[in-house]
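Reading the sequence shown from the start, the letters are residues 24 to 432 in my numbering.
For glycine and all other residues, C-beta sits at the position ideal for the given N, C-alpha and C.
Only one structure is covered here, and it is reproduced in the block below.
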Amino acid sequence: MQHFPTTPFPTALPELSQPWRSASFPDATLAIANDDPWALVAERDWDFAGGMEGWATAYSGHQFGHFNPVLGDGRALLLGETADGREVQLKGSGPTPFSRGGDGLGTLGSMVREFVVSEVMHAAGIPTTRIAAVFRTGEEIARNGRREPGGIAVRVATSHIRVGTFQFARLLDEHRGEHAVLPALAQYTLQRIVGAPGGRDAEILRHAVQTQAALVAKWMRVGFVHGVMNTDNMSLAGETIDYGPCAFVDTFDPTAKFSSIDTAGRYAFGQQPSIAMWNLARLAEALCGTSLDVEVDEANAIVQTFPDLYHDALTQEFGGPLPPDGVDLRRWWRENAAERSTEDAPCNPPRIPRNYEIENAVEAATHGDVNVAAELVASVKEKATDDQKWQDPGPPEEGTGPYVTYCGT
C-alpha cells in the first residue's frame with residue numbers, strides 16, 4: 024500500500040489518544056527479530072522493555088453483535104512511526120486506561136503465535152500487520168489455569184484505525200455536542216489510508232468496502248478463520264489485524280470455527296464475508312447523519328457493492344470453481360495447482376502450516392525454544408520447488424479431538 028505522509032495519529036487526533044507509559048521489564052531479552060520490519064524499527068533505537076512513553080488509542084466495537092461504546096487499547100501502546108511511515112505498537116505492555124480491570128500483559132506463546140501466523144499470511148500475499156520482534160519479559164503471568172512466561176511484541180501496521188475508531192469518534196462528538204473529532208478523523212483517514220486528501224468522506228466507506236472484499240477473499244483462499252471479527256478488529260487500512268483465536272481449516276468447511284468463545288459460530292469460516300459486510304454497514308452508520316458529506320442512500324449503495332466485489336475477488340483468488348465442501352484444502356491446491364496457474368489467477372498459496380504445527384511452535388516457545396517457530400516461518404518463506412513447497416505433514420491424527428483457540432492476544 025502506498026504511504027501518504029501525515030502527522031502521527033496522536034498528534035492529529037489527541038482526543039482519541041491517551042498518553043501513557045508502558046510497564047518496565049528489567050529482565051527482558053529478545054526472543055525473535057523479524058528481518059525487514061525489525062530493521063525499520065531498530066533504526067529508532069527504542070528501549071521496548073524499559074518503560075516507554077506512548078499512547079493508548081480509543082475505539083468502540085460491536086463484539087459478537089453487541090455494542091460496547093468504550094474499548095480501546097487495553098494491552099498495547101502506540102509508540103510512533105518508522106522512517107517509511109508505518110505505525111509501531113507495543114503489545115503486552117501493561118495496563119492502560121482501557122484495560123477494564125485486566126493486567127494488560129501477554130504471554131510469550133501468544134506473541135509468538137501472532138508472529139508465526141502473520142508471517143504465513145504475509146508470505147501468501149495477504150495484507151497484514153506484522154510482528155517486528157518478540158521479547159521475553161522475564162516474568163510469569165497466569166493464563167488459562169497455568170503460569171506462562173510473559174512476552175511483549177513490537178507490531179507494525181499501515182494504520183491502527185479501525186471501524187470502531189469511527190464509532191467512538193461519532194459518540195464522542197455526540198456527547199460533546201460538537202462536530203470536531205469525526206471530521207478530523209475522516210480527513211486524516213482520507214489522507215493516510217485512502218490517498219485522497221481533501222476528498223469526499225464517502226470515499227472512506229468505498230475504500231473500506233473494496234479492500235475488505237479483497238482481503239476476505241484472500242482469507243478464504245488459504246482457509247484462514249479470523250475468529251473474532253468484531254468491528255474493533257476491522258482495519259480501515261485493509262490489513263488483517265488482531266490474530267487472537269485464529270486458525271486455518273483442514274477441510275473446506277463453511278461451518279468451521281475454532282474460537283472457544285464463538286459457541287454459535289458467528290465468525291465461522293463461511294460466515295466471514297457476510298460478517299465483513301455487516302461490519303461495513305456499521306461503518307456506514309457511523310459516517311451518516313453527521314457533518315460529513317455521506318448521505319444514507321449513497322452509503323447503502325456503496326455497502327451493497329460488497330457481494331459483487333467479493334464474488335469477483337474470490338473467483339480471481341481461486342482461479343475457477345471453489346473446492347467442494349469436505350475436501351482437504353491443502354491437498355486440493357496441490358492436485359489442482361497446474362490447471363489453476365494462469366496469468367489471470369494468483370500464484371497458488373505457499374505451504375500453509377497445519378494448526379498443530381503452529382501449536383507445536385507456540386508450546387516450544389513457552390518452554391524456552393523459539394527456534395521451532397523461526398524454522399516454521401522460514402519454511403513458509405523460502406523459495407522452494409513445487410514438490411518441496413507442497414510437502415505437508417497431513418491432517419492431525421484421529422482421536423486428537425477438536426482444535427480450540429483462545430483470545431490470547
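Limits of the unbroken alpha helix (DSSP H) element including K280 | As a first step, residue 280 must be located in the sequence shown, where it is residue number 257. Note, K280: premise wrong, no alpha helix (DSSP H); not H, not E.
Taking all protein chains shown into account, do 16 or more other C-beta atoms lie within 10 angstroms of the C-beta of N167, making it buried, or fewer, making it exposed?
-> Here residue 167 is taken as the residue at index 144 of the sequence shown, counted from 1. It is exposed - the Cβ of N167 has fewer than 16 other Cβ atoms within 10 Å.
Take E76 and list the residues in its own chain whose beta-carbon comes closer than 6 Å to its own, dropping the five residues that flank it on each side.
-> Here residue 76 refers to the residue found at position 53 when the sequence shown is read from its first residue. Close CB contacts of E76 within its chain, under the 6 Å cut and outside five residues either way in sequence, are with R44 (chain order).
Look at T263 and G349 and say whether their C-beta atoms are less than 8 Å apart.
-> Taking the first residue of the sequence shown as position 1, residue 263 is located at position 240. Taking the first residue of the sequence shown as position 1, residue 349 is located at position 326. Their beta carbons are not under 8 Å apart, which means T263 does not touch G349 by this criterion.
Going by C-alpha distance, which of G103, R305, D392 and A322 is nearest R159?
-> On the sequence shown, position 136 is the one that residue 159 refers to. The shortest Cα separation from R159 among G103, R305, D392 and A322 belongs to D392.
CB of M243 within 8 Å of CB of L337, strictly = Start at 1 with the first residue of the sequence shown, and residue 243 comes out as number 220. Start at 1 with the first residue of the sequence shown, and residue 337 comes out as number 314. The answer is yes: Cβ separation under 8 Å.
Touching or not, the region 149–164 and the region 43–60, by the rule of three or more beta carbon pairs under 8 Å?
-> Yes: the two stretches touch, three or more of their Cβ pairs being nearer than 8 Å.
Among I381, G200, A384 and C269, which residue has its Cα nearest to the Cα of C430?
-> Position 407 of the sequence shown holds residue 430. The option with the nearest alpha carbon to C430 is C269.
Counting only the same chain and skipping the five closest in sequence on each side, list residues whose C-beta sits under 7 Å from that of F281.
-> Reading the sequence shown from its first residue, position 258 is the one you call residue 281. Taking F281 as the centre and dropping the five residues before and after it, the same chain places the C-beta of V248, G250, P268, A270, Y426, V427 and T428 closer than 7 Å to its C-beta, in chain order.
Own chain, CB closer than 7 Å to V139, minus 5 neighbours either side, in chain order | Here residue 139 refers to the residue found at position 116 when the sequence shown is read from its first residue. Excluding positions up to five away in sequence, the list reads I381, A384, A396, L399 and V400.
Can you give the Cα-Cα distance for L36 and W301, rounded to whole angstroms?
-> For the purposes of this step, residue 36 is identified with residue 13 of the sequence shown, where counting begins at 1. For the purposes of this step, residue 301 is identified with residue 278 of the sequence shown, where counting begins at 1. L36 and W301 have their C-alpha atoms some 27 Å from each other.
If you draw a straight line from the alpha carbon of S297 to that of D320, how long is it in whole angstroms?
-> Reading the sequence shown from its first residue, position 274 is the one you call residue 297. Reading the sequence shown from its first residue, position 297 is the one you call residue 320. Roughly 20 Å between the two C-alpha positions.
With which residues is A176 paired in a DSSP beta bridge?
-> For the purposes of this step, residue 176 is taken as residue 153 along the sequence shown, with counting starting at 1. In DSSP, A176 forms a bridge with K114 and V157.
Going by alpha carbons, who is nearest to A99 out of D126, S83 and G108?
-> Walking along the sequence shown from the start, residue 99 turns up at place 76. Among D126, S83 and G108, the Cα nearest to that of A99 belongs to D126.
Other residues of its chain near V84: CB distance less than 6 Å, five sequence neighbours each side excluded | In the sequence shown, the residue the question calls residue 84 occupies position 61. Contrary to the premise, residue 84 reads as Gly rather than Val in this sequence. Cβ neighbours of G84 beyond the five flanking positions: N91, L94, G187, N253, T254 and D255.
Please go through the same chain and pick out, in chain order, the residues whose beta-carbon is closer than 8 Å to the beta-carbon of W413, but skip the five residues on each side of it.
-> For the purposes of this step, residue 413 is taken as the residue at position 390 of the sequence shown. Because the pLDDT at W413 is just 48, under 50, the model does not fix this residue reliably, and the value given afterwards should be weighed accordingly. Hits under 8 Å: R353, W356, R357, A360 and R374.
Which residue comes first and which comes last in the beta strand (DSSP E) that contains P42?
-> Reading the sequence shown from its first residue, position 19 is the one you call residue 42. Residues S40 to R44.
Host beta strand (DSSP E) of I55 (start-end) = For this step, residue 55 is matched to residue 32 along the sequence shown. Residues T52 to A56.
Compare the C-alpha of F329 against each of Q295, A46, G132 and H198 and name the closest.
-> To locate residue 329, count along the sequence shown from 1; it is residue 306. Measuring from the Cα of F329, the nearest candidate turns out to be Q295.
Would E110 pass as a contact of V179 if the rule is Cβ separation under 8 Å?
-> As a working mapping, residue 110 is identified with position 87 in the sequence shown. As a working mapping, residue 179 is identified with position 156 in the sequence shown. Cβ distance < 8 Å, so E110 and V179 count as in contact.
If you draw a straight line from the C-alpha of A203 to the C-alpha of H89, how long is it?
-> Counting from 1 along the sequence shown, the entry for residue 203 is found at position 180. Counting from 1 along the sequence shown, the entry for residue 89 is found at position 66. The straight-line gap from Cα to Cα measures roughly 26 Å.
CA-CA distance, S40 and L205?
-> Translated into the one-based positions of the sequence shown, residue 40 becomes position 17. Translated into the one-based positions of the sequence shown, residue 205 becomes position 182. Roughly 14 Å separates the two Cα atoms.
Compare the beta carbon distance of G132 and E171 with 8 Å and say whether it is the shorter of the two.
-> As a working mapping, residue 132 is identified with position 109 in the sequence shown. As a working mapping, residue 171 is identified with position 148 in the sequence shown. Yes, they are a contact pair.
Return the residue from the list W78, F87, K241 and A106 that minimises the CA-CA distance to E66.
-> Taking the sequence shown and counting its residues from 1, one reaches residue 66 at position 43. For E66, the nearest C-alpha among the options comes from A106.
What span of residues does the alpha helix (DSSP H) with L337 cover, start to end?
-> Here residue 337 refers to the residue found at position 314 of the sequence shown. F329 to F341 is the span of the alpha helix (DSSP H), which, as asked, contains L337.
Give the straight-line distance between the Cα atoms of T408 and S402, rounded to the nearest whole angstrom.
-> Here the question's residue 408 lines up with position 385 in the sequence shown. Here the question's residue 402 lines up with position 379 in the sequence shown. Caution applies to T408, whose pLDDT of 48 falls short of 50 and renders its modelled position unreliable; the value that the coordinates give is listed next. Looking at the two C-alpha atoms, the distance is approximately 12 Å.
Can you list the alpha helix (DSSP H) stretches of 4 or more residues lying completely in the region 224–259, in chain order?
-> Correct list: 225–245.
Given L345 as reference, the closest of K241, P33 and P418 once Cα atoms are compared = The residue labelled residue 345 in the question sits at position 322 within the sequence shown. Ranking K241, P33 and P418 by Cα distance to L345 puts K241 first.
Using DSSP bridges, identify the partner residues of R67.
-> In the sequence shown, residue 67 corresponds to position 44, counting from 1. Bridge partners of R67: none, in fact.
How would you write the range of the alpha helix (DSSP H) that F32 sits in, first residue to last?
-> Residue numbering aside, residue 32 sits at position 9 when the sequence shown is read from its first letter. From DSSP, the alpha helix (DSSP H) with F32 extends over F32 to A35.
Based on the DSSP output, what are the partners of S47 in its beta bridges?
-> Taking the first residue of the sequence shown as 1, we reach residue 47 at position 24. Note: S47 sits in a beta bridge opposite G73.
Just to confirm, are L101 and F71 a CB contact at a threshold of 8 Å?
-> Start at 1 with the first residue of the sequence shown, and residue 101 comes out as number 78. Start at 1 with the first residue of the sequence shown, and residue 71 comes out as number 48. No; because the gap between Cβ atoms is not below 8 Å, this pair is not in contact.
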